[in-house]
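Numbering (our numbering), first residue to last: 1008 to 1376.
Encoded structure:
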């Protein structure tokens, strides 16, 4: 998902500026623009140290961030308008470098180049995939029970476990369903996810169940032993989830399915705010949400799953290999989920994916032959 902000100033205003004593800094409130002068957009290297020459225009940046394959590697505080130079260390493999300038008015569109490694081959370890999957359907209150929440997360774990030895070195999972999904076990699981995930690894958090609001409107995920009278103590706050996710060293992918069938105690609007909050960590988090606004996530015995998970699992098993290259990326999975859920629910449910442009091409699964 890419958001572009347009700043338009009618030409006649430039003629009026002197009459009103307008400053030459009239555009200072614009976000900066950044472009990479060298290397070229498609370049090769045989050495790990690569010099990046980039140009800042429009306004002065407060910070310039350099990312390699979506991971922040350097943050520059003293960049100036005009030409700048920075040296980065690239891995001994093909990679993508992104430069993003930022000030109080916002972020620039990323300037991106692809670097192809022609140096000595390196023994590059495949990443490890760590999954914390929580699915709760058998709540004590019969009116809140969900038929497929536990099965949804189990099906997801089973699907991703097949990626062991393919895209990932190994797949480590912690599956908490129904009676195992207590508040304590979920908090312990978040700690496990944070501690186990290295900077080259990927962490996945999959939540399926109900949400609830406290008296001030904050959104919480309901464990099996949820305390309805005191959500702050007996439920899992999204602020706490965000804090745990931010501490993970590697990239993080969140699948959030926390409002079902119109029975959720949590306001769907607050769930939507929670989704946005989870994506605002350190530029390394991708969020797939089952629905947004005032919609609810639907499940149906005909699907043998919730609509969202059915689409996710189908996509990861190969239906989202939209380019025919035996890979499923964030972008292709997003596209497949959107269309499939709309088809299953006759347009009643619309999933939302929040991802920065530099993370959208990350491969999530490979399709075995």
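Note that beta-carbon positions come from the ideal geometry of N, C-alpha and C, so glycine has one too.
Requested in this report: Would you kindly check if the distance between the Cβ of residue 1352 and the Cβ of residue 1296 is under 9 Å?
Outcome: Position 289 of the chain shown holds residue 1296. Position 345 of the chain shown holds residue 1352. No, the Cβ-Cβ distance between residue 1296 and residue 1352 is not below 9 Å.
Query - Residues bridged to residue 1092 [DSSP beta-bridge criterion] - result: Position 85 of the chain shown, counted from the start, is the residue given in the question as residue 1092. Bridge partners of residue 1092: 1060.
**Report entry** Helix, strand or coil at residue 1078 [DSSP, three-state]
**Finding:** Here residue 1078 corresponds to residue number 71 of the chain shown, with the count starting at 1. In this structure, residue 1078 counts as strand in the three-state DSSP scheme.
Query raised in the report: Cα separation between residue 1063 and residue 1189?
Result: If you number the chain shown from 1, residue 1063 lands on position 56. If you number the chain shown from 1, residue 1189 lands on position 182. Approximately 50 Å, taken between the alpha carbons.
Report task. Grab the span of the beta strand (DSSP E) containing residue 1188 for me, first residue to last. Result -> On the chain shown, position 181 is the one that residue 1188 refers to. No beta strand (DSSP E) contains residue 1188, which DSSP labels as neither H nor E.
Report task. Identify, in the order they occur along the chain, each residue of the same chain with its Cβ nearer than 7 Å to the Cβ of residue 1085, setting aside the five sequence neighbours on each side. Result -> The residue labelled residue 1085 in the question sits at position 78 within the chain shown. None.
Query - Inter-residue spacing [alpha-carbon to alpha-carbon] between residue 1240 and residue 1222 - result: Within the chain shown, numbered from 1, the residue matching residue 1240 stands at position 233. Within the chain shown, numbered from 1, the residue matching residue 1222 stands at position 215. A straight line joining the alpha-carbon of residue 1240 with that of residue 1222 spans about 13 Å.
**Report entry** Neighbourhood of residue 1260 by C-beta distance below 6 Å, restricted to the same chain and skipping five residues each side
**Finding:** Counted from its first residue, the chain shown places residue 1260 at position 253. Closer than 6 Å at Cβ, skipping near neighbours: 1211 and 1293.
Query - Contacts around residue 1310, its chain only, beta-carbon distance under 7 Å, and the 5 residues preceding and following it disregarded - result: Here residue 1310 is taken as the residue at index 303 of the chain shown, counted from 1. So the qualifying residues of the chain are 1317 and 1351.
Query raised in the report: Going straight from the alpha carbon of residue 1079 to that of residue 1256, what length do you get?
Result: Taking the chain shown and counting its residues from 1, one reaches residue 1079 at position 72. Taking the chain shown and counting its residues from 1, one reaches residue 1256 at position 249. Each residue's Cα considered, the two are about 11 Å apart.
Report task. Locate the beta strand (DSSP E) running through residue 1106, then write down its first and last residues. Result -> Along the chain shown, one-based indexing puts residue 1106 at 99. Counting along the chain, the beta strand (DSSP E) containing residue 1106 begins and ends at 1102 to 1110.
**Report entry** Alpha carbon of residue 1107 to alpha carbon of residue 1251, nearest angstrom
**Finding:** Sequence index remark: in the chain shown, residue 1107 carries index 100 (1-based). Sequence index remark: in the chain shown, residue 1251 carries index 244 (1-based). So the alpha carbons of these two residues sit roughly 25 Å apart.
Requested in this report: Report the partner residues of residue 1320 according to the DSSP bridge assignment.
Outcome: As a first step, residue 1320 must be located in the chain shown, where it is residue number 313. Partner(s): none; residue 1320 has no beta bridge.
Query raised in the report: Is there contact between the stretch 1136 to 1145 and the stretch 1226 to 1238, where contact requires at least three CB pairs shorter than 8 Å?
Result: yes
Query raised in the report: Would you say the stretch 1038 to 1052 touches the stretch 1110 to 1128, given that touching needs at least three Cβ pairs under 8 Å?
Result: Here the stretch 1038 to 1052 makes contact with the stretch 1110 to 1128; the two share three or more CB pairs at distances below 8 Å.
Requested in this report: Spatial neighbours of residue 1095 within its chain, please: CB distance less than 8 Å, with the 5 preceding and 5 following residues excluded, ordered by chain position.
Outcome: To locate residue 1095, count along the chain shown from 1; it is residue 88. Taken in chain order, the residues that qualify are 1056, 1057, 1059, 1073, 1075, 1080, 1081 and 1104.
**Report entry** Backbone CA spacing between residue 1235 and residue 1201 [nearest angstrom]
**Finding:** Along the chain shown, one-based indexing puts residue 1235 at 228. Along the chain shown, one-based indexing puts residue 1201 at 194. Residue 1235 and residue 1201: Cα-Cα distance of roughly 28 Å.
Query raised in the report: Hey, would you say residue 1263 sits closer than 9 Å to residue 1214, going by beta carbons?
Result: Position 256 of the chain shown, counted from the first residue, corresponds to residue 1263. Position 207 of the chain shown, counted from the first residue, corresponds to residue 1214. The answer is yes: Cβ separation under 9 Å.
Query raised in the report: Apart from the five residues just before and just after residue 1114, which ones in its own chain have a Cβ nearer than 8 Å to its Cβ?
Result: What you label residue 1114 is simply residue 107 of the chain shown in a count that begins at 1. Only 1038, 1107 and 1108 meet the Cβ criterion.
Requested in this report: Tell whether a beta-carbon distance below 9 Å holds between residue 1173 and residue 1335.
Outcome: Against the chain shown, residue 1173 aligns to sequence position 166. Against the chain shown, residue 1335 aligns to sequence position 328. Contact: no.
Report task. Report the three-state DSSP secondary structure of residue 1126 (helix, strand or coil). Result -> Locating residue 1126 in the chain shown gives position 119, counting from the first residue. Of the three classes helix, strand and coil, the one that applies to residue 1126 here is coil, per DSSP.
Requested in this report: On the DSSP bridge assignment, give the partners of residue 1071 in chain order.
Outcome: Working through the chain shown from its first residue, we reach residue 1071 at position 64. DSSP, once it has assigned bridges, lists 1083 and 1108 as partnering residue 1071.
Requested in this report: Could you name the residues of the same chain whose beta carbon sits closer than 7 Å to that of residue 1409, not counting the 5 residues immediately before and after it, in chain order?
Outcome: Since the displayed the chain opens at 1008 and closes at 1376, residue 1409 lies outside it and no answer follows.
Query raised in the report: Whose C-beta lies closer than 7 Å to the C-beta of residue 1186 among residues of the same chain, with five residues either side of it excluded?
Result: If you number the chain shown from 1, residue 1186 lands on position 179. These residues qualify, in order along the chain: 1231.
Query - For residue 1179, three-class secondary structure by DSSP - result: Numbered from its first residue, the chain shown carries residue 1179 at position 172. In the structure shown, residue 1179 sits in a strand (DSSP, three-state: E or B).
**Report entry** Where the beta strand (DSSP E) containing residue 1373 begins and where it ends
**Finding:** Here residue 1373 refers to the residue found at position 366 of the chain shown. Looking at the DSSP string, the run of the beta strand (DSSP E) that includes residue 1373 is 1370 to 1373.
Requested in this report: Let me know the secondary structure DSSP gives residue 984 once reduced to three states.
Outcome: Residue 984 lies beyond the range of the chain shown here (1008 to 1376); nothing can be said about it.
**Report entry** Cut-off 6 Å between Cβ atoms - residues of its own chain near residue 1180, not counting five sequence neighbours on either side
**Finding:** For this step, residue 1180 is matched to residue 173 along the chain shown. Excluding sequence neighbours, residue 1180 sits near 1138 and 1164.
Requested in this report: Give the secondary structure of residue 1045 by DSSP, where H, G and I count as helix, E and B as strand, and everything else as coil.
Outcome: Residue numbering aside, residue 1045 sits at position 38 when the chain shown is read from its first letter. Here residue 1045 sits in strand by DSSP.
**Report entry** Whether residue 1154 touches residue 1306 by CB criterion (9 Å)
**Finding:** Sequence index remark: in the chain shown, residue 1154 carries index 147 (1-based). Sequence index remark: in the chain shown, residue 1306 carries index 299 (1-based). Cβ atoms of residue 1154 and residue 1306: closer than 9 Å.
**Report entry** CA-to-CA distance, residue 1052 to residue 1126, given in whole angstroms
**Finding:** Taking the chain shown and counting its residues from 1, the one referred to as residue 1126 is at position 119. Taking the chain shown and counting its residues from 1, the one referred to as residue 1052 is at position 45. Distance between the alpha carbons of residue 1126 and residue 1052: 7 Å.
Report task. Using beta-carbon positions only, say whether residue 1366 and residue 1077 come within less than 9 Å of one another. Result -> Here residue 1366 corresponds to residue number 359 of the chain shown, with the count starting at 1. Here residue 1077 corresponds to residue number 70 of the chain shown, with the count starting at 1. Taking 9 Å as the Cβ cut-off, residue 1366 and residue 1077 qualify as a contacting pair.
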